[in-house]
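Numbering (the numbering used here), first residue to last: 9 to 194.
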């Protein structure tokens with residue numbers, strides 16, 4: 009799985025392309041992007057409650073169905089974002105789905121490998137045959153919270169954040185520049 013930094017940067021790039029450019033303050037869109045991009049990893053919270061923080065990770069929240077549900081919920085934000093409901097849903101759904109795309113191309117070093125992208129249609133787990141990103145270490149199912157925190161703040165994860173930033177920041181800047189040019193011409 010990718011880091012929250014990588015997830016957020018890719019979602020901000022998505023917002024630069026699909027977000028509204030008229031009346032809403034940009035920070036509204038950026039807030040939605042960052043929340044949407046990291047929402048799939050909220051599946052750590054139920055594990056935290058039962059003392060096994062990784063128990064539910066990469067389950068239902070890492071499916072296309074979850075992205076569609078999130079997109080539907082985002083349609084209710086259209087007034088906050090000063091746009092049409094379909095635009096809020098599309099942008100929020102794409103930001104959520106960007107999480108799945110990044111995780112798909114990350115090294116997955118712990119079982120169960122991959123994500124159940126097509127659940128409930130299929131129980132098959134999906135992951136790319138090659139990795140672009142090294143992913144983060146955060147322990148395994150059954151590890152204590154102390155092991156999780158120790159893994160989370162490791163040198164490996166610092167390097168993973170650095171690689172993602174080096175890859176995503178130019179992409180974000182490119183999207184910001186091209187979308188600004190496009191919207192000025194309209």
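Glycine included, each C-beta is placed from N, C-alpha and C at the ideal position.
{"Item": "In this structure, does DSSP put residue 37 in helix, strand or coil?", "Value": "helix"}
{"Item": "Going by DSSP, what residue range makes up the alpha helix (DSSP H) through residue 82?", "Value": "72-82"}
{"Item": "For residue 134, which of helix, strand or coil comes out of DSSP?", "Value": "strand"}
{"Item": "Taking contact to mean 3 or more Cβ pairs, one atom from each stretch, closer than 8 Å, check whether the stretch 67-77 and the stretch 103-123 are in contact.", "Value": "yes"}
{"Item": "Looking only at its own chain, which residues have a Cβ that is under 6 Å from the Cβ of residue 82, when we skip the five neighbours before and after it?", "Value": "96, 97 and 100"}
{"Item": "Here's the rule: buried if 16 or more other CB atoms are within 10 angstroms of the residue's CB, otherwise exposed. What is residue 35?", "Value": "exposed"}
{"Item": "Which of helix, strand or coil does DSSP assign to residue 176?", "Value": "helix"}
{"Item": "What residues in its chain sit with their C-beta under 6 Å from that of residue 168, if we drop five residues either side in the sequence?", "Value": "11, 142 and 144"}
{"Item": "Can you tell me which residues form a DSSP beta bridge with residue 114?", "Value": "141"}
{"Item": "What separation, rounded to the nearest whole angstrom, lies between the Cα atoms of residue 161 and residue 17?", "Value": "20 Å"}
{"Item": "Name the two residues that bound the continuous alpha helix (DSSP H) containing residue 16.", "Value": "12-26"}
{"Item": "Taking C-beta to C-beta, are residue 149 and residue 92 nearer than 8 Å?", "Value": "no"}
{"Item": "CA-CA distance, residue 131 and residue 94?", "Value": "30 Å"}
{"Item": "What residue range is occupied by the uninterrupted alpha helix (DSSP H) comprising residue 55?", "Value": "52-58"}
{"Item": "Which residue wins for smallest C-alpha separation from residue 90, given the options 181, 27 and 155?", "Value": "27"}
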